[in-house]
Amino acid sequence: MLEVRRLRKTFAGFVAVDDVSLRVSAQAIAAVIGPNGAGKTTFFNLITGHLKADSGTVLLEGRDITGAPPHRICRMGIGRSFQRTNIFARLSVFENIQAALLAHQGHGRNFWSRSEDFYRDEANALLASVGLEEKARTEAGTLSYGNQKQLELGIALASEPRVLLLDEPTAGMSARETHETMHLLERIAGERKLTLLFTEHDMEVVFGIAQRIAVFYQGRLLAEGTPHEVRADREVRRIYLGAAA
Amino acid sequence: MSSRKSALRGRIPWTLVIFILALPLPWLGSRYDTFLGTQIAIDALFAVSLNLLLGVTGLVSFGHVAYFGVGAYVCGILMKTYGVSFALAFPAAGVGAALFALLAGYCCVRLSQIYFAMLTLAFSQIVWAIAYKWNAVTGGDQGIPEVPYPNLHWMAALPGFGNLSTGDRFYIFSLVLIAISLALLRRIIHSPFGRMLTTIRDNPERAAFIGVNVRAYELAAFVLAGAFAGLAGALYGIFARGVFADYVFWSRSAEVLIMTILGGMGYFWGPPVGALVLVWLNKEITTYTEYWPFFLGAMLLVLLFAFPGGLLGGLHSGWSRLRLLWAGRDA
Chain V
0 MLEVRRLRKT FAGFVAVDDV SLRVSAQAIA AVIGPNGAGK TTFFNLITGH
50 LKADSGTVLL EGRDITGAPP HRICRMGIGR SFQRTNIFAR LSVFENIQAA
100 LLAHQGHGRN FWSRSEDFYR DEANALLASV GLEEKARTEA GTLSYGNQKQ
150 LELGIALASE PRVLLLDEPT AGMSARETHE TMHLLERIAG ERKLTLLFTE
200 HDMEVVFGIA QRIAVFYQGR LLAEGTPHEV RADREVRRIY LGAAA
Chain D
0 MSSRKSALRG RIPWTLVIFI LALPLPWLGS RYDTFLGTQI AIDALFAVSL
50 NLLLGVTGLV SFGHVAYFGV GAYVCGILMK TYGVSFALAF PAAGVGAALF
100 ALLAGYCCVR LSQIYFAMLT LAFSQIVWAI AYKWNAVTGG DQGIPEVPYP
150 NLHWMAALPG FGNLSTGDRF YIFSLVLIAI SLALLRRIIH SPFGRMLTTI
200 RDNPERAAFI GVNVRAYELA AFVLAGAFAG LAGALYGIFA RGVFADYVFW
250 SRSAEVLIMT ILGGMGYFWG PPVGALVLVW LNKEITTYTE YWPFFLGAML
300 LVLLFAFPGG LLGGLHSGWS RLRLLWAGRD A
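Read top to bottom, the protein sequences are chains V and D. Heads up: the first sequence runs through residues 0 to 244, numbered per numbering that gives the first Met the number 0. Heads up: the second sequence runs through residues 0 to 330, numbered per numbering that gives the first Met the number 0.
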């Protein structure tokens with residue numbers, strides 16, 4: 000589904016992502032883990048076109064998407080959420096989702112119709128599926144942190160992605176919120192037949208739902224495999240998992 | 000209930016209401032009032048065109064007067080030098096300003112924030128320098144005096160219009176054109192295209208990742224804003240009986256920026272309110288003192304701290320607070 004070949008990115012001499020190759024098969028749930036600064040977010044930014052790779056290729060369903068701008072990659076079927084929540088703060092919750100639907104369906108060039116008449120049912124259905132139907136009229140910037148994360152997921156889903164990249168979807172959440180969010184993600188990924196790639200610090204979450212785990216360390220891919228394999232990897236235990244495993 | 004109410008409020012054709020309220024001015028007020036009214040109406044269109052960038056797309060332009068100026072010159076030169084009719088010169092002013100905005104915007108949207116703002120300023124200074132120095136076409140520091148009025152004699156046939164002066168007729172004529180322009184701008188802002196612009200204002204990074212080509216949309220907004228500023232400029236050249244390089248000086252960009260912020264850039268009708276208040280205050284205060292800039296500065300200072308959402312923002316939050324009090328009493 001998503002394949003990365005020998006991807007490399009340096010910032011002024013510092014190697015952020017170093018020769019990483021990775022394959023994620025269709026409808027898999029895969030996690031990228033690693034200590035802070037291991038290159039996880041840079042890796043995501045290279046896939047989604049927010050950064051240009053020095054070398055290497057990114058393939059989506061066999062198609063080379065390396066170097067395409069973010070808005071085009073989004074339209075090709077990759078959705079993403081960001082580490083710091085990324086919503087449209089001054090629009091209402093409903094308008095956030097509706098805007099994403101309008102953009103995805105290519106209505107942005109319509110100068111004439113009233114935007115509020117578009118996709119009311121679709122937007123409400125999406126809000127319901129991420130559990131925000133009660134907050135449709137609220138200004139998005141005033142939502143609680145957990146709600147903003149839910150909204151961000153809704154925005155990402157509005158562009159009907161086949162691959163969804165989530166950068167720390169549960170960062171800053173309480174244990175209960177984390178549990179609910181991961182449950183929600185698992186359900187949505189199943190319903191929509193999504194391929195899910197996410198970064199996460201909470202090892203309980205990672206080993207709870209991921210089918211494949213990639214471990215990053217200092218920009219390199221240290222190990223990749225099933226949770227069982229990764230847990231058994233001596234190098235991973237030594238460098239990263241430590242007491243947690 | 001409240002959602003039905005707000006839906007109803009959205010359906011009030013405000014442009015038409017304000018147009019009808021402003022229309023009788025030549026019959027009710029003095030010639031000077033009509034003069035001020037024309038200036039306010041033109042400034043209102045100019046400021047709303049700026050707000051398409053500022054309040055809707057989140058782009059700060061320090062050089063919006065360039066497009067106003069291009070429109071004024073295109074219309075003035077066509078009518079005065081070449082004797083072209085207003086019916087052609089007016090749309091040509093919009094197209095000319097849009098083309099120049101396309102050129103300038105193409106460069107500007109490649110930069111962000113303060114660099115974007117500085118580049119808009121640079122382009123407006125280029126326009127000013129050309130206006131000031133290119134004697135053969137722009138008349139240089141002499142400008143283009145006595146741009147003719149469009150032919151408005153047909154108005155005399157309308158009931159009640161017989162006794163109106165040319166200035167009064169031009170006020171009504173401008174009001175119609177400005178109302179149509181504002182209705183178009185309002186339509187654009189509330190369209191799906193306008194919604195995409197608001198996503199760019201709130202979060203350009205995220206906007207790109209719902210599939211919005213941020214630069215292309217910014218450029219489209221820039222061109223549209225330029226076109227409407229050009230139309231305002233065309234009317235101004237006729238209203239002021241000439242087109243001069245002073246119009247394009249950068250301080251005019253600051254003035255329209257102040258109008259927009261004063262009225263409230265978060266509201267469609269914020270900039271027109273700002274234009275109304277600024278022109279009226281200017282008139283009132285300059286009759287007492289020559290220190291108008293001092294009062295303007297002091298007023299802005301108070302406003303920015305007391306009503307960061309502008310005058311309409313202040314009214315809006317005051318109204319919400321009142322309604323809350325009311326609801327509290329009901330309960």
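Glycine is no exception: its CB is placed at the ideal position from the N, C-alpha and C atoms.
Taking all protein chains in view, the Cβ of Lys51/V is surrounded by fewer than 16 other Cβ atoms within 10 Å, so the residue is classified as exposed. Arg83/V sits in coil when the DSSP states are folded into three classes, being neither helix nor strand. If you check the CB distance, Phe122/D and Leu151/D do not come in under 8 Å. What Arg186/D touches in chain V, judged by beta-carbon distance under 7 Å, is Trp111, going in chain order. DSSP places Gly189/V inside the alpha helix (DSSP H), whose first and last residues are Ala174 to Glu190. Taking a contact as a CB-CB distance under 8 Å, the pair Val146/D and Gly36/D does not count as one, their CB atoms being some 20 Å apart. Along the segment 148-159 of chain V, the positions whose C-beta sits under 9 Å from a C-beta of chain D are Glu151, Ile154, Ala155, Ala157 and Ser158, read in chain order. Bounds of the alpha helix (DSSP H) holding Thr33/D are Arg30 to Asn50. In the structure shown, Thr137/V adopts coil according to DSSP, grouped into three states. In the DSSP annotation of this structure, the continuous segment of the alpha helix (DSSP H) that includes Leu45/V starts and ends at Lys39 to Ile46. Secondary structure at Ser20/V: strand, using DSSP grouped into helix, strand and coil. Residues of chain D with a Cβ closer than 7 Å to the Cβ of Pro69/V are, in chain order, Ala207 and Phe208. Of all residues in the segment 116-130 of chain V, only Phe117 come within less than 9 Å of chain D when Cβ atoms are compared, listed by chain position. The DSSP assignment places 54-59 and 77-80 as complete runs of the beta strand (DSSP E) inside the segment 46-124 of chain V, in order along the chain (cut-off: 3 residues). For the C-beta of Val211/D, the chain V residues within less than 9 Å are, from N- to C-terminus, His70, Cys73, Ala98, Ala102 and Gly107. Collapsing the DSSP output to three states places Ala220/D in a helix. Here Pro23/D is exposed. Its C-beta has fewer than 16 other C-beta atoms within 10 Å. Counting along the chain, Arg185/D sits inside no beta strand (DSSP E); it lies in the alpha helix (DSSP H) bounded by residues Thr165 to Ile188. Against chain V, the beta carbon of Ser190/D has neighbours under 8 Å at Asn109, Phe110, Trp111, Ser112, Arg113 and Ser114, listed in chain order. Apart from the 5 residues on each side of it in sequence, Thr285/D sits with its Cβ closer than 7 Å to the Cβ of Trp291 in its chain, given in chain order.
Burial of Asn85/V is indicated by the presence of at least 16 other C-beta atoms within 10 angstroms of its C-beta. Secondary structure of Ala244/D (DSSP, three-state): helix.
Shown here, Glu199/V sits in coil according to DSSP, grouped into three states, outside any helix or strand. Inter-residue distance for Ala29/V and Ser20/V is about 14 Å (C-alpha atoms, whole angstroms). The beta carbon of Thr165/D lies closer than 6 Å to those of Tyr148 in the same chain, with the five residues before and after it left out.
Phe215/V has Leu220/V as its beta-bridge partners, per DSSP. Within 7 Å of the CB of Asp201/D, the CB atoms of chain V belong to Phe87, Ala88, Arg89 and Leu90, in sequence order along the chain. Chain V has no Cβ within less than 8 Å of the Cβ of Thr33/D.
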